[in-house]
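**Q**
In our numbering, the protein residues as written are 3 to 139.
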């Protein structure tokens, strides 16, 4: 059985470190419950954990989905912090490591909404597996 973390994107984009200090990550799994919060999994280039995981954060670039958001909701364009919780390279595609990030949630149990009222986090939570995400950090 193939798990979300082993699906390679059909567009053949791979996690990459860029010269400008940003990184391309790929959505490995949608946000899922973890106590009062959620975890969101991304594939990042392998080797970043040598710099440490605990206390590490990245800033994710967000975008607007609907015309209404583009016209009225400018706060969506601010980068959103993603706080690293865990990293693993075992059983992941070559050159990739799976990072789990704490993700804000509003609500309890099955009614929890990933990202809550924040339009940027909601946008990130809605990205399908394999979608590239631009990170700074």
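C-beta: ideal position from N, C-alpha, C; glycine also. Given the structure is predicted, the values throughout are model-derived calculations rather than measurements.
Looking at the structure shown, is residue 44 part of a helix, part of a strand, or coil, going by DSSP?
**A** Start at 1 with the first residue of the chain shown, and residue 44 comes out as number 42. Strand.
**Q** Closest by CA to residue 124, which one among 27, 19, 81?
**A** Taking the chain shown and counting its residues from 1, the one referred to as residue 124 is at position 122. The option with the nearest alpha carbon to residue 124 is 81.
**Q** Between 18, 22, 37, 35, which lies nearest to residue 28 when the distance is taken from Cα to Cα?
**A** Taking the chain shown and counting its residues from 1, one reaches residue 28 at position 26. Answer by Cα proximity: 18.
**Q** Output yes or no for whether 8 Å exceeds the beta carbon distance between residue 62 and residue 131.
**A** On the chain shown, position 60 is the one that residue 62 refers to. On the chain shown, position 129 is the one that residue 131 refers to. For residue 62 and residue 131, no; Cβs fall outside 8 Å.
**Q** With 16 as the cutoff for other CB atoms within 10 Å, does residue 45 come out buried or exposed?
**A** What you label residue 45 is simply residue 43 of the chain shown in a count that begins at 1. Per the 10 Å Cβ criterion, buried.
**Q** Let me know the secondary structure DSSP gives residue 124 once reduced to three states.
**A** The count along the chain shown starts at 1 and reaches residue 124 at position 122. Correct three-state label for residue 124: helix.
**Q** For residue 16, which of helix, strand or coil comes out of DSSP?
**A** Looking up residue 16 in the chain shown gives position 14. The answer is coil: DSSP assigns residue 16 none of H, G, I, E or B.
**Q** By DSSP, does residue 52 sit in helix, in strand, or in coil?
**A** Numbered from its first residue, the chain shown carries residue 52 at position 50. Helix, per DSSP.
**Q** Pull up the CB-CB distance for residue 24 and residue 126, whole angstroms please, since I reckon it's below 8 Å.
**A** Numbered from 1 along the chain shown, position 22 holds the residue referred to as residue 24. Numbered from 1 along the chain shown, position 124 holds the residue referred to as residue 126. Going by Cβ atoms, the distance from residue 24 to residue 126 rounds to 16 Å, so no, they are not a contact pair.
**Q** With distance defined between alpha-carbon atoms, name the residue in 104, 93, 79 nearest to residue 57.
**A** Position 55 of the chain shown, counting from 1, holds the residue named residue 57. Of 104, 93, 79, the residue nearest in Cα terms is 104.
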